[in-house]
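To start, the structure under review is shown below, and the notes come after it.
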Amino acid sequence: MSENAVEITCANCGGKDFEYPSDPQPDDVVTCTGCGASATYKEIIDAAEAQIVDQLKKDIGDIFS
Ligand SMILES: [Zn+2]
Numbered sequence: 033m034s035e036n037a038v039e040i041t042c043a044n045c046g047g048k049d050f051e052y053p054s055d056p057q058p059d060d061v062v063t064c065t066g067c068g069a070s071a072t073y074k075e076i077i078d079a080a081e082a083q084i085v086d087q088l089k090k091d092i093g094d095i096f097s
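All residue numbers for the sequence shown refer to my numbering, where the first residue is 33 and numbers rise by one.
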């Protein structure tokens, strides 16, 4: 499997290309290359994880409940 565990997506434009340090820290600012929106790495990862959890809930039912 080669998929990333967490795929980050811009909440503003849906883009998947971002500028961020090679070893981003939670407080580092990540900038969307598509629309220029920025957020902290932590905010983006939290949002991505929330999306994944929502998807998993749909895919495998109530294992997280
Ligand atoms: Zn964007």
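In this text, a Cβ means the ideal position worked out from N, Cα and C, and glycines have one as well.
Next on the checklist: Beta-carbon within less than 7 Å of Asp-78's beta-carbon, same chain only, minus the 5 sequence neighbours each way: which residues are those?
Outcome noted: Your numbering for residue 78 matches position 46 in the sequence shown. Answer for Asp-78: no residue qualifies.
Next on the checklist: Please output, in chain order, the residues near ligand 1 using a CB cut-off of less than 5 Å to any non-hydrogen atom of the ligand.
Outcome noted: Those satisfying the condition are, in chain order, Cys-42, Asn-44, Cys-45, Gly-47, Cys-64, Gly-66, Cys-67, Ala-69.
Checklist entry - Which residue's Cα is closest to the Cα of Tyr-73: Phe-50, Ile-92, Asp-60? => result For the purposes of this step, residue 73 is taken as residue 41 along the sequence shown, with counting starting at 1. Ranking the options by Cα distance to Tyr-73, first place goes to Asp-60.
Item to check | Those residues which DSSP pairs with Val-62 across a bridge | outcome: One-based indexing of the sequence shown puts residue 62 at position 30. Answer is Ala-71, bridged to Val-62.
Next on the checklist: Give me, in chain order, the residues of the same chain whose beta-carbon lies closer than 7 Å to that of Ala-71; leave out the 5 immediate sequence neighbours on both sides.
Outcome noted: Translated into the one-based positions of the sequence shown, residue 71 becomes position 39. Cβ neighbours of Ala-71 within its own chain (closer than 7 Å, five residues either side excluded): Val-62.
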